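Numbering-wise (the working numbering), the sequence shown opens with residue 1281 and increments by one.
Glycine included, every Cβ here is placed at the ideal spot set by N, Cα and C.
Just so you know, these numbers come straight off a predicted model, no measurement behind them.
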Amino acid sequence: MRERIVRWLRSPWLGVAITAFAFVLGVLWRWAYVLKVHRPTDFVYSDMKMYVELGKRFAREGYVLKPHDVTHPPGLSELIAYFYRSDPTLANMVRVHFWLTILVPLAVGALGWIALDRRAGLWSLAVTSLYFPFIDYGGYFLAEIYITLLATLTLVCYFGAIRLWPTRPAKAADEPAETDAARTYRDAPDAKPSASPTARERLFAFLGAVRTRIGLAVVVSLLGGVLFSLAMLMKMVAAPAMLGFFAVHILFTRARASWRAKSLVVALFIVAALPLCKWQADRCTRGNDGKFCPGSNKAPADFLMGHIGRVQSVTWRERDPKNPERIRGQVNFGSPAAYQHGYSKKVEFDFKITDGEKNKEAAWKWIGENPGQAVVLSFEHVWDSFGGSLPWPTVATKHWAWSQTFHYVFLIFIFIPSVLLLIDRARIRGLVGLLRSTELALFAPIIGVIVSVMMATGEVRYRIPWDMCFILLAVQFYRELKIPLREQPASPARE
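What follows is the structure, encoded as structure tokens:
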């Protein structure tokens, strides 16, 4: 009986069964949450309202962009405009959110499979299927669920292209020479012809052809570049995150392909991303009164909001030049993390939020006067993105308990094990071994996210799209974790 249980536990189909059950359960959870309990159309306020209002304006025939229309990347608002033209209720877009939340676990599972191995892919799919933040943000008209899927698929395409790229062929001197007996048998007049290759052999011969593998790698790279540009259309943080990953993988990670091949793959990614990036920059520049901006003109305002002290919010007022007492318009932005910290100070400026020069001037002035506080605030933004604040906007809704529970689950069972895995790699393989590991490459996008929030503001919502990196690392940690039941003898102390 015991042996039967052990065989059952070691069965390769057990992981598949658990993963399938978790995925089906996750699909049902998503159906109930996104389509019934927490429809995005029922939570249109704050940032969600801003995106929807932008989409409604863009849906108008012949609408001319203005500076306040390009404060955010255009991906989500243009998508809302597309659905709004045919259905003002946005019911079809709600269904799209439901399907996006279903695709995210499949994408994370594919990333785990292709970057690590089959078991990592299965367990990552199971964990992601039941990871509430990847369900929760499907219930809002926010860009997080989009960038989660697009960034994950971008990584899948990159690792796929690297795996497809043919390795350097063996030198002729390394190939075994044909023996005299084999040559005699081959040249004999009565030698039997070799059996015709099977379909499997023909398939592997086809896939093994160098030209075919290079062609497939190029196609996958170009597809990955398009996905990369789509991710940047949703949120510009995709740029530093993915570029940081590319840099780490090219410079350090040990892979099948050489650094030249990896550089070529990245070059193909960038080439494929250029058309949409150019369209985004042209659109933003046109809306910004001809002043160049890569995707949005709000970056200087975010820089100011994150480096003007411990403030709850910042208000930008545009006054009438002829009558300074008259306010032509005003915009207010604040950080949910700052509000949760209890910061009550509110700052006001008499210039437009889109005035990049004045935003940077005010921020650098405060930094010059308070350099130490500015450094501490930058690190506070990083902490707020991980454990220093609770996930907005769900923390302020009746579903706060689910959100807060999974926030603690992330910190204890995902984040800490991920860090321990990287430390373990350095402890066992050394610093160079850590740099060459795939695990560090999977962590690399987080470095770009950290740099971004240090320069602006931080909150958990900015990190959540990249939690797939932590999930993959945590899965590896638990797979390698071996804790004996019996007490083990203590190792002798070093003299």
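A1431 and V1627 have their C-alpha atoms spaced approximately 35 angstroms apart.
DSSP lists Q1610 as the beta-bridge partner residues of R1597. Between P1413 and P1671 a beta carbon distance of about 7 angstroms is seen, short of the 8 angstroms cut, so the two are scored as contacting. In the DSSP assignment, K1640 falls outside any beta strand (DSSP E) and lies within the alpha helix (DSSP H) extending over 1636 to 1649.
By the criterion of a C-beta distance shorter than 8 angstroms, L1345 is surrounded in its chain by R1563, R1566, G1567, once the five residues flanking it on both sides are discounted. The C-alpha of A1561 is placed about 6 angstroms away from the C-alpha of C1573. Judged by DSSP secondary structure, V1627 falls within the beta strand (DSSP E) whose first and last residues are 1625 to 1629. The C-beta distance from T1533 to T1718 rounds to 6 angstroms, short enough to fall under 8 angstroms. Counting along the chain, Y1426 sits inside the alpha helix (DSSP H) bounded by residues 1424 to 1444.
Per DSSP, D1562 is one residue of the alpha helix (DSSP H) stretching across 1539 to 1567. Under DSSP, no beta-bridge partner is assigned to V1332. Rounded to the nearest angstrom, the Cβ distance from L1410 to A1302 is 6 angstroms, consistent with a contact under 8 angstroms. Close CB contacts of V1675 within its chain, under the 7 angstroms cut and outside five residues either way in sequence, are with S1683, Q1684 (chain order).
In terms of Cβ geometry, I1415 and L1380 do not form a close pair [threshold 8 angstroms]. The continuous alpha helix (DSSP H) containing R1365 extends over residues 1355 to 1366.
Non-local beta-carbon contacts of L1715 in its own chain, meaning distances under 6 angstroms to residues more than five positions away in sequence, involve F1532 in chain order. Contact between H1318 and H1679 holds: CB atoms are separated by about 7 angstroms, below the 8 angstroms threshold. Taken atom to atom, the span from the alpha-carbon of E1739 to that of V1662 is near 8 angstroms. Residue burial is scored here from C-beta neighbours: V1656 has fewer than 16 other C-beta atoms within 10 angstroms and is therefore classed as exposed. Annotation: the continuous alpha helix (DSSP H) that includes Q1620 extends over 1616 to 1621. Distance from the CA atom of R1443 to the CA atom of T1492, rounded to whole angstroms, is 13 angstroms.
For R1491, the uninterrupted alpha helix (DSSP H) segment begins and ends at 1490 to 1514. At the C-beta level, Q1653 and Y1619 stay beyond 8 angstroms of one another.
D1747 counts as buried, since no fewer than 16 other beta carbons sit within 10 angstroms of its beta carbon. Secondary structure note for W1311: its alpha helix (DSSP H) is the uninterrupted segment 1292 to 1312. Under the DSSP assignment, V1689 falls in the alpha helix (DSSP H) whose first and last residues are 1680 to 1689.
Between the segment 1530 to 1549 and the segment 1595 to 1615 there are fewer than three inter-stretch CB-CB distances shorter than 8 angstroms, so the stretches are not counted as touching. Contact between M1585 and T1351 does not hold, since the beta-carbon distance rounds to 12 angstroms and is not under 8 angstroms. For L1502 and L1548, the gap between their C-alpha atoms comes out near 6 angstroms. A distance of 8 angstroms or more separates the beta carbons of S1669 and F1750.
Here V1591 is bridged, per DSSP, to K1625.
Bounds of the alpha helix (DSSP H) holding R1375 are 1371 to 1395. Under the Cβ criterion (8 angstroms, minimum of three pairs), the segment 1636 to 1644 does not count as touching the segment 1705 to 1712.
When C-alpha distances from P1725 are compared across M1735, R1743, I1633, the shortest belongs to R1743.
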